[in-house]
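Below is one structure; the comments refer to it alone.
Encoded structure:
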């Protein structure tokens with residue numbers, strides 16, 4: 739069990755040899771609170787939930803780095819809006835590893851029918867609809883990042 743002090747407004751715990759503190763406005767506050775309350779022993783999991791830099795790194799398979807200077811994808815700085823989005827929803831940054839030619843499963847998009855699509859292009863300036871997809875049935879357009887449920891494979 740990870741040693742912790744949990745209140746309604748903050749969490750303090752020690753993991754991986756250092757102290758961690760979360761305020762109630764942290765994006766993973768509820769998840770961390772639940773895991774620690776359940777008696778979680780997985781320090782890596784709790785740190786990944788707590789440290790948005792680690793979560794961004796994990797979500798993007800190491801291709802994106804969040805720092806005080808911004809969010810960088812493959813060494814290239816993304817627009818500042820991406821840094822704010824990464825801080826509030828680090829797991830959602832997995833959309834950054836989608837590249838032209840990849841196949842993705844889309845569900846719940848307001849414009850595109852649910853299905854499997856091929857990625858045609860990406861727009862790193864758009865933090866809400868980064869990925870343009872096309873289907874075998876003729877749909878062509880950008881889809882909401884949140885509607886990309888799975889990256890299936892490269893379509894090589």
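Residue numbers (my numbering): 739 to 894. For each residue, glycine too, the CB sits at the ideal point set by N, CA and C.
- Taking a contact to require three or more Cβ pairs closer than 8 Å, the region 755-774 and the region 797-810 do not qualify as touching.
- Residue nearest to residue 832 within the set 760, 794, 840, 865 is 794 (criterion: CA-CA distance).
- When the beta-carbon positions are compared, residue 881 and residue 836 stay at least 8 Å from each other.
- With the rule of 3 Cβ pairs closer than 8 Å, the region 801-813 does not count as touching the region 850-861.
- Scanning the region 784-860 for uninterrupted beta strand (DSSP E) segments of 3 residues or longer gives 802-805, 808-811, 840-844, 853-860, listed from N- to C-terminal end.
- Around the CB of residue 753, 16 or more other CB atoms lie within 10 Å, so the residue is classed as buried.
- Ranked by Cα distance from residue 763, the first of 818, 839, 746 is 746.
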